[in-house]
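*Asks:* If you scroll down you'll find the structure; I have some questions about it.
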Amino acid sequence: MTRKPPPEPRGGAAAQLKRGPWTPEEDDLLARYVAREGEGRWRTLPRRAGLLRCGKSCRLRWMNYLRPDIKRGPIAADEEDLILRLHRLLGNRWSLIAGRLPGRTDNEIKNYWNSHLSKKLIAQGIDPRTHRPLAAAGTSHSDAAAAAPAADKTPPVVEPSVTPPLPADPSPSSAVGDGGGDFAAMMSLDAEGFEGFGDQFQAVDAARSGFDLGCAMVDDDTFSSFLDSLINEDHFVDYFGDHKDADGQNDQGGAN
DNA sequence: AATCGTAGCAACCGCCGTACA
DNA sequence: TTGTACGGCGGTTGCTACGAT
């Protein structure tokens, strides 16, 4: 997909900057420069690389398209399944989700979610923001499906990124807030939460908030293992496996 | 064949958190 | 402690392709 440049560049220094779709020549300049000098210092990179782009644009292009480890092609069924699991756990944390899918970018996953998965969930009667049945969210299936495009642009009912709702007992989060967080308590809370699907959301919220508030006290490996343990839960397989069976298979393949 | 509507996705925008002087 | 620059992130835009009518 290409994007036509805006009719007129903005004034000042920005007037010198090129916008819109990248040309192969620009890609080549950027790729060769990063290969030679490495990533970073994006603000000054365009000038050093001889590009008439802003640093942000260069970084985005590199991260989403030029990086050598980018995996091209359709999202596989197992990748889609993982995206669904991770989104249920993490919400719209596209970069975190992308971190669990080697070769996939946050932008790609975000686009795939918005164009495929959210609609798929709605068709299955699941609220793509909360992963709860739409009926429980107070919206009928057909209504929600009809309103899907608009719903995508409304603020989420559950906003996972700022201050997720906490379980009734605030002790884990308070510990986290003190900087001495109790990751073990978070984990045990999660295990209890998985006893019931409804409670699971609370558990995930708690885990999520624990991660948000206490990254410093949970190293990456620990959280990575934690995510692995969550996304391997049989509850999820049971839940989405049924829907997937009913749906036949993922609607993948339409892209490109 | 022409027109319209929708899907898909690259790219942009603006905000936020962090690092550093 | 404060201000600034920078990188990163999620949300949104807008263009092209394509199918339906």
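With the first sequence counted from 1, adding 1445 to any position gets you this note's numbering.
We put the CB at the ideal spot given by N, CA and C, even for glycine.
Answer with buried or exposed for residue 1550, where buried requires no fewer than 16 other C-beta atoms within 10 angstroms of its C-beta.
*Replies:* If you number the first sequence from 1, residue 1550 lands on position 105. Residue 1550 comes out buried.
*Asks:* Exposed or buried, what is residue 1497 when buried is set at 16 or more other beta-carbons lying within 10 Å of its beta-carbon?
*Replies:* The residue you call residue 1497 lines up with position 52 of the first sequence. So residue 1497 ends up on the exposed side.
*Asks:* Going by CA-CA distance only, name the one from 1508, 1467, 1471, 1473 that's closest to residue 1484.
*Replies:* Residue mapping note: residue 1484 aligns to position 39 of the first sequence, counting from 1. Ranking 1508, 1467, 1471, 1473 by Cα distance to residue 1484 puts 1508 first.
*Asks:* With which residues is residue 1578 paired in a DSSP beta bridge?
*Replies:* Here residue 1578 refers to the residue found at position 133 of the first sequence. DSSP, once it has assigned bridges, lists 1571 as partnering residue 1578.
*Asks:* Taking the alpha carbon of residue 1519 as the point to measure from, which residue in 1561, 1579, 1465 has its own alpha carbon closest?
*Replies:* Working through the first sequence from its first residue, we reach residue 1519 at position 74. Considering only alpha carbons, the answer is 1561.
*Asks:* Can you tell me whether DSSP reads residue 1469 as helix, strand or coil?
*Replies:* Residue 1469 sits at position 24 when you count from the first residue of the first sequence. In the structure shown, residue 1469 sits in a helix (DSSP, three-state: H, G or I).
*Asks:* In chain order, what residues of the same chain lie with their CB nearer than 6 Å to the CB of residue 1566, ignoring the 5 residues before and after it?
*Replies:* Translated into the one-based positions of the first sequence, residue 1566 becomes position 121. Taken in chain order, the residues that qualify are 1573.
*Asks:* I need the DSSP call for residue 1484, collapsed to helix, strand or coil.
*Replies:* Indexing the first sequence from 1 puts residue 1484 at position 39. Correct three-state label for residue 1484: coil.
*Asks:* Express the C-alpha separation of residue 1532 and residue 1499 in angstroms, rounding to a whole number.
*Replies:* Within the first sequence, the letter at position 54 stands for residue 1499. Within the first sequence, the letter at position 87 stands for residue 1532. Answer to the nearest angstrom: the Cα atoms are 31 Å apart.
*Asks:* Measure the alpha-carbon distance for residue 1568 versus residue 1529 and round it to whole angstroms.
*Replies:* For the purposes of this step, residue 1568 is taken as residue 123 along the first sequence, with counting starting at 1. For the purposes of this step, residue 1529 is taken as residue 84 along the first sequence, with counting starting at 1. Spanning the two alpha carbons is a distance of roughly 15 Å.
*Asks:* Alpha carbon to alpha carbon, how far is residue 1476 from residue 1564?
*Replies:* Mapped onto the first sequence, residue 1476 falls at position 31. Mapped onto the first sequence, residue 1564 falls at position 119. Cα to Cα, the separation comes out at about 35 Å.
*Asks:* Use the C-beta contact count for residue 1495: other C-beta atoms within 10 angstroms, 16 or more gives buried, fewer gives exposed.
*Replies:* One-based indexing of the first sequence puts residue 1495 at position 50. The residue in question, residue 1495, is exposed, as its Cβ has fewer than 16 Cβ neighbours within 10 Å.
*Asks:* Taking residue 1506 and residue 1467 to be in contact with their CB atoms under 8 Å, please state how far apart those CB atoms are, rounded to whole angstroms.
*Replies:* Along the first sequence, one-based indexing puts residue 1506 at 61. Along the first sequence, one-based indexing puts residue 1467 at 22. Right, the Cβ-Cβ distance comes to about 6 Å (below 8 Å), so this counts as a contact.
*Asks:* Report the three-state DSSP secondary structure of residue 1542 (helix, strand or coil).
*Replies:* For the purposes of this step, residue 1542 is identified with residue 97 of the first sequence, where counting begins at 1. Correct three-state label for residue 1542: helix.
*Asks:* Closest to residue 1473 by CA distance: which of 1510, 1552, 1547 is it?
*Replies:* Sequence index remark: in the first sequence, residue 1473 carries index 28 (1-based). That would be 1510, whose Cα lies nearest to the Cα of residue 1473.
*Asks:* Roughly how many whole angstroms lie between the Cα atoms of residue 1515 and residue 1571?
*Replies:* The count along the first sequence starts at 1 and reaches residue 1515 at position 70. The count along the first sequence starts at 1 and reaches residue 1571 at position 126. About 31 Å.
*Asks:* Quick check on the burial criterion: 16 or more other C-beta atoms within 10 angstroms. Buried or exposed for residue 1600?
*Replies:* Position 155 of the first sequence holds residue 1600. Summary for residue 1600: the model assigns pLDDT 34, below 50, so the residue's position carries little reliability, and this model does not support an answer.
*Asks:* Name the two residues that bound the continuous alpha helix (DSSP H) containing residue 1561.
*Replies:* On the first sequence, residue 1561 is found 116 positions in, with the first residue counted as 1. Taken as a continuous stretch (DSSP letters only), residue 1561 belongs to no alpha helix (DSSP H), as it is neither H nor E.
*Asks:* Out of 1463, 1575, 1465, 1469, which has the shortest C-alpha to C-alpha gap to residue 1534?
*Replies:* Counting from one through the first sequence, the residue named residue 1534 turns up at place 89. It is 1575 whose Cα lies nearest to the Cα of residue 1534.
*Asks:* CB-CB under 8 Å to residue 1470, same chain, minus the five flanking residues each way: which ones, in chain order?
*Replies:* For the purposes of this step, residue 1470 is taken as the residue at position 25 of the first sequence. Result list for residue 1470: empty, nothing under 8 Å.
*Asks:* Quick one: what does DSSP say residue 1523 is sitting in, helix, strand or coil?
*Replies:* Against the first sequence, residue 1523 aligns to sequence position 78. Correct three-state label for residue 1523: helix.
*Asks:* Confirm, please, whether the CB-CB distance from residue 1487 to residue 1504 is below 8 Å.
*Replies:* Taking the first residue of the first sequence as position 1, residue 1504 is located at position 59. Taking the first residue of the first sequence as position 1, residue 1487 is located at position 42. Taking 8 Å as the Cβ cut-off, residue 1504 and residue 1487 qualify as a contacting pair.
*Asks:* Where residue 1544 and residue 1463 are concerned, what is the direct C-alpha to C-alpha distance, given to the nearest angstrom?
*Replies:* In the first sequence, counting from the first residue as 1, residue 1544 sits at position 99. In the first sequence, counting from the first residue as 1, residue 1463 sits at position 18. Using only the alpha carbons, I get a separation of about 30 Å.
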